[in-house]
Each structure stands twice: as structure tokens, then as C-alpha cells.
Amino acid sequence: MLQNISNKFYQWAKGWLIIVLFVLDGFFAGFLLPLIQGMMQGGNGGIMPLDLMMFAAPDKLFDMIEQYGEFGRPFYRNVELTVDIIYPIVYLFFFGLAISWLFQRGFAPNSPMRKFNIMPLGAWFFDLLENITIVILLSVYPLKPAALGWLLFAFSSGKWLFFFATVLMLLTGLAMALKNGFRKQE
Numbered sequence: 002m003l004q005n006i007s008n009k010f011y012q013w014a015k016g017w018l019i020i021v022l023f024v025l026d027g028f029f030a031g032f033l034l035p036l037i038q039g040m041m042q043g044g045n046g047g048i049m050p051l052d053l054m055m056f057a058a059p060d061k062l063f064d065m066i067e068q069y070g071e072f073g074r075p076f077y078r079n080v081e082l083t084v085d086i087i088y089p090i091v092y093l094f095f096f097g098l099a100i101s102w103l104f105q106r107g108f109a110p111n112s113p114m115r116k117f118n119i120m121p122l123g124a125w126f127f128d129l130l131e132n133i134t135i136v137i138l139l140s141v142y143p144l145k146p147a148a149l150g151w152l153l154f155a156f157s158s159g160k161w162l163f164f165f166a167t168v169l170m171l172l173t174g175l176a177m178a179l180k181n182g183f184r185k186q187e
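Each residue of the sequence shown is one higher than the last, beginning at 2 in this note's numbering.
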């Protein structure tokens, strides 16, 4: 199954589509998500979304949920069920296709490195699990189930580790494509 996804990414890795996805990713990451974060803070700069907190222990997560307040918790839950379902799909395809496009120009078709174009799939998967856990925690507040807190810690950690690995794959692909003059390797 992963090989099929990898092959599809290579098949769909068209420059125009990557540019469209880049613009969409920029819209989410550069405008919409900061706007939402600003609405959540409501003048309190110490409040941030749980999915931006790297490696935060459950106590810190529960403190943040409490700080969201009566307006913030349902607002954040709705964001998680709408915007934060769409955005991970956008970045999955942007990074997956961009890495594929670069790897086509940086590595020979039989290179084992070409299999790593699916790295964003790990970030997307853990992001989805993280979002589900956040929705549950926001919904059961004021309960503070420690097991769910630790699950959120694990899912968030997995997301960030895969995200950093994705950036590493993108930079590796860029360096190799640059070395080959951006000529497609056949």
C-alpha cells in the first residue's frame, strides 16, 4: 500500500500542482491558522493551540485547556473538526508531491531514497490522531484523563518527528536536485 502511495505521489508531482498546494499551504500556515490562534488568545499571549505545543506533558496540556475558557474550548474543538482536518491534507500533498518532484531530479529511479517521498504521510497520520485526541479532551473537560494526556503527548511527538523528517527529506531532495541541475533522472 505504501508503495502505491509513493508511486501516486511521483505520478502527480507536477510543478503547477505543487505551486497551487504551496499557495494553499501558505494561506493556512501564514494567514488562517495565525488568525485563529489570535482569536483563541483574546489578548492573552500565553495561550496557544495544543497542536503547536511540542513534547508538552499532560499537566501542561490540561492547564492550557483550562485557560481556553468557556468560549475557547468549543471554538477550538470546532477548528479541530473543520480547518484542522483540511490543513493536514493540504500539507500532506504539498510536501509529498514537492519531495517527489525533487527526488525525481535528485535520485535515480532505482535509488532506495525514492521510497522516502511518503514521509509526510507519517506527519499527517499522527496529526489526525492528535486532532481526534484534542477533540475528546476538549469535549470531556473538566475531566483530565491522564491516559489521554499521554496519548496526546505521543501523537504530538510522532507528528513533530515526522514533520522534521519531512523537512529533512525536502532539503535532501533540493540539494540533490540542485546537484543534478534539476534534470529528471531516468
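No residue lacks a Cβ here, since even glycine has one placed at the ideal position from N, Cα and C.
Model, not experiment: these values are computed from the prediction.
Every alpha helix (DSSP H) of 4 residues or more that sits fully in the stretch 111-166 is shown, in chain order, as 120-141. If you draw a 10 Å sphere on the C-beta of I20, you find fewer than 16 other C-beta atoms in it, and that means exposed. In the DSSP annotation of this structure, the continuous segment of the alpha helix (DSSP H) that includes N8 starts and ends at L3 to W13. Here the stretch 82-101 makes no contact with the stretch 144-157; the two share fewer than three CB pairs at distances below 8 Å. Secondary structure of N79 (DSSP, three-state): helix.
A Cβ-Cβ separation of about 5 Å places R106 in contact with F183 under the 8 Å criterion.
G27 and L18 have their C-alpha atoms some 14 Å from each other. Here I66 is near L139, since their CB atoms are less than 8 Å apart. Around the C-beta of G150, 16 or more other C-beta atoms lie within 10 Å, and the residue is accordingly described as buried. For F95, the uninterrupted alpha helix (DSSP H) run begins and ends at V84 to G107, by DSSP. Annotated as distal: I100 and M2, with beta-carbon spacing of 8 Å or more. By the criterion of a C-beta distance shorter than 8 Å, D64 is surrounded by no residue of its chain, once the five residues flanking it on both sides are discounted. Residues I66, L139 and Y142 of the same chain have their beta carbon placed closer than 8 Å to that of R74, with the five preceding and five following residues left out of the count. The beta carbon of L103 sits closer than 6 Å to those of G174, L175 and A178, all from its chain and outside the five residues before and after it, given in chain order.
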